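S.K.:
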Amino acid sequence: MNRWIDSPLPRTHHAMSDSFTVTAELGGVTHTFPCRADQTVLAAAEEASVPLPSSCCSGVCTTCAARLRQGEVHQPDAMGVKADLQAEGFALLCVSYPRSDLNLLAGQEDALYEAQFGQFQR
39 MNRWIDSPLP RTHHAMSDSF TVTAELGGVT HTFPCRADQT VLAAAEEASV
89 PLPSSCCSGV CTTCAARLRQ GEVHQPDAMG VKADLQAEGF ALLCVSYPRS
139 DLNLLAGQED ALYEAQFGQF QR
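Going by my numbering, the sequence shown opens with residue 39, and the numbers climb by one from there.
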């Protein structure tokens with residue numbers, strides 16, 4: 039299953055007005071909110087008053103890291119996540135645009151850090 043997309047989809051594939059449903063779990067609480075194809079998941083969460091972790095909002099710091107359980111995102115500016123980890127389902131919600139309905143586990147900054155750099159600290 040392709041969990042991330044590294045190049046923009048043709049505009050004919052998803053109209054920018056398309057809306058998807060995001061189901062996000064954080065700290066044992068599940069939140070569901072809509073997200074447009076032209077809107078980041080973090081922006082949609084904020085618009086829906088869903089408190090997801092964030093800091094830089096530019097795809098660098100990894101505070102907003104999540105793990106996709108289901109669905110696809112387009113995250114062209116996710117500098118803080120290696121491509122192989124994006125393929126494993128890691129996403130930075132501040133720069134992730136939905137391309138389908140999403141089910142994700144938010145608050146994965148530590149898991150992402152361990153996956154990227156843990157081998158260097160042993």
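Glycine residues also receive a C-beta, built at the ideal position from the N, C-alpha and C atoms. As the structure is a prediction and not an experimental result, all values here were calculated from the model.
Going by DSSP in three states, Val111 sits in which element: helix, strand or coil?
M.R.: It is a strand residue.
S.K.: Sort Thr68, Ser96, Asp56, Val67 by Cα distance to Gly118 and report the nearest one.
M.R.: Among Thr68, Ser96, Asp56, Val67, the Cα nearest to that of Gly118 is on Ser96.
S.K.: How far does the beta strand (DSSP E) with Ala82 in it extend, from its first residue to its last?
M.R.: No beta strand (DSSP E) contains Ala82, which is instead part of the alpha helix (DSSP H) from 79-85.
S.K.: Who are the Cβ neighbours of Leu130 in its own chain at under 7 Å, not counting the five residues just before and after it?
M.R.: Correct list, in chain order: Gly97, Thr100, Cys102, Ala103, Gln113, Ala116, Gly118, Val119.
S.K.: Do Leu90 and Ala83 come within 8 Å of each other at the CB atom, strictly closer than that value?
M.R.: Closer than 8 Å, so yes.
S.K.: Expressed to the nearest angstrom, what Euclidean distance is found between the alpha-carbon atoms of Ser87 and Leu106?
M.R.: So the alpha carbons of these two residues sit roughly 21 Å apart.
S.K.: Using only the alpha-carbon positions, how far apart do Ala144 and Cys94 sit?
M.R.: Each residue's alpha carbon lies about 16 Å from the other.
S.K.: Contact defined as beta carbons within less than 8 Å: I believe Pro72 pairs with Gly109. What is the distance between those atoms, to the nearest angstrom?
M.R.: With a Cβ gap of about 14 Å, Pro72 and Gly109 do not count as contacting.
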